[in-house]
Structure formats: structure tokens, C-alpha cells
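In UniProt numbering, the protein residues as written are 1 to 87. We put the CB at the ideal spot given by N, CA and C, even for glycine.
As C-alpha cells, this is what we get:
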């Protein structure tokens, strides 16, 4: 454990950020899973709605630097390609 005042503050900040990032990453996983489940059911309309929600969540996470912006765009593009493939 850190002893310096500044190091203790950094530790507190990192714990807060970790908690915030975990919430965001879990939300990403759940929304992407919703798109994939809709694709498995061959429900294109439901998948398109789920993709709309997932892209919003991914963009927000990229804006907050939880994930890299290119990773967010890549995930959205791959989900959209999967939807287009089934349609």
C-alpha cells in the first residue's frame, strides 16, 4: 500500500475509475449480446433496434475513453455486417 499522500489519492482515483469502467464494460457486453441473440433468432428488426442501442452505448464508452474509439467503430461495423448478412 502506498504511503505518500499523492499516491494514496491516485489509488482512490483508480478505484473510482475502475468501478465506473466496469459498469460501462458490462453494459457494452449486455447490449452486444442482445444484438447477437436477435441474430440467432433471425429477427432482423429486433437486431436492428438492439444495434441502435449498442452503437449508442459503444460510442458513449469510446467518448469516455473506456474503450478505444476505433474498437467501438469496429464492433459496430461487424454487428452491422452480421445484420446485413442475415437480411
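When the Cα atoms are used, residue 3 and residue 60 turn out to be separated by approximately 36 Å. Listed in chain order, the non-local C-beta contacts of residue 80 below 7 Å within the same chain comprise 51, local neighbours out to five positions each way being set aside.
Between residue 76 and residue 55, the C-beta gap is smaller than 8 Å, which places the two residues in contact. Our two residues, residue 58 and residue 28, have alpha carbons roughly 6 Å apart in a direct line.
Inclusion of residue 62 and residue 47 in the CB contact set at 8 Å is not warranted, their separation being larger than that value. Of the other Cβ atoms in all chains shown, 16 or more fall within 10 Å of the Cβ of residue 39; this residue is therefore buried.
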